[in-house]
Structure formats: C-alpha cells, structure tokens
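Chemist: Numbers -1 to 112, taken from the working numbering, label the letters of the sequence shown in order.
Have a look at this one.
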Amino acid sequence: MNKLTIWYDGGCPLCAREIALIRRLDRRRAIHFIDVASPDAACPIDRAALLERFHAREGERLLSGAAAFAAMWRAVPLLRPLGLAARLPGALWLLERGYRGFLRVRPALQRLLR
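Here you go:
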C-alpha cells in the first residue's frame, strides 16, 4: 500500500485540531503528515500555495482541496466510506464547491479558535 502524504498548516488552530483527530483515527499509520508551517518541511510546490489549500500526494498524484480530503478519508478505515462516496459522479464537484465556501470563512474561524 502506498503511504498517503498530507501537507497541513500547523499554525492554523482549525487545521491542527482536524489533523490531530485524523492522526488518532489513522491507527494503521497510512498517512505521513507534514506541517508546512515548519521551516524544514519538504514542500513539493510553493509553500504559500500549500498554505492556501489542503494538499495530499496519493501515489504519484498531487491533489488539492476536496480531492485531497477524499484521499485522506479513504486512508482511514472509519472515514473510508466518505472517501469512496466522493468518487460518485458529481460528488467531488459538490465537495469542492463546499470546500471553496469554507475557505472564504476559514480566516474568521481561525480567529475564533485562537
């Protein structure tokens, strides 16, 4: 099985909480987490781009946004049905629209959690 790599913003309290939850659920250790906020983090693309959107590498494919979340969900047995459902026609499109909406309110949510 290929290990999934996730890049996340460890400086974001919202992101840090979500990743902490996924780490607890990832009992098989199928995900390699990289905190982009760390100065020594290995980044496959520009660090600023990694901080703007959620990114993952599944096999050789670099994913972002809803596709990256769906890949992360598929790697965690409890969330796998959600990740598989994202492969249904139109599902990823809807998830991406929701993710873009979330990105607009993310700064306000971050301020609330600080």
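By construction, the Cβ of each residue, glycine as well, lies at the ideal position given by its N, Cα and C atoms.
Going by the CB atoms, is the gap between W71 and L80 shorter than 7 Å?
Modeler: Taking the first residue of the sequence shown as position 1, residue 80 is located at position 82. Taking the first residue of the sequence shown as position 1, residue 71 is located at position 73. Yes, Cβ-Cβ distance for L80 and W71 is below 7 Å.
Chemist: List the whole-angstrom C-beta distance separating L2 from A69, where the pair is believed to meet the contact cut-off of C-beta under 8 Å.
Modeler: Reading the sequence shown from its first residue, position 4 is the one you call residue 2. Reading the sequence shown from its first residue, position 71 is the one you call residue 69. Confirmed, about 6 Å.
Chemist: Please name the residue, chosen from R51, D44, I17, D38, that lies closest to Y97 on a Cα-to-Cα basis.
Modeler: The residue labelled residue 97 in the question sits at position 99 within the sequence shown. Of the listed residues, the one whose Cα sits closest to Y97 is R51.
Chemist: For the region 102 to 112 against the region 5 to 20, do three or more pairs of beta-carbon atoms, one drawn from each stretch, fall closer than 8 Å, so that the two count as touching?
Modeler: Enough Cβ pairs lie closer than 8 Å, so yes.
Chemist: Can you find the residues in the same chain that come closer than 7 Å, C-beta to C-beta, to I17, ignoring five residues on each side of it along the sequence?
Modeler: Within the sequence shown, residue 17 is the residue found at index 19, counting from 1. Excluding residues within five positions, the ones whose Cβ falls inside 7 Å are Y6, F31.
Chemist: Measure the C-alpha to C-alpha separation of P75 and L107 and round it to an integer number of angstroms.
Modeler: Your numbering for residue 75 matches position 77 in the sequence shown. Your numbering for residue 107 matches position 109 in the sequence shown. One C-alpha to the other measures close to 28 Å.
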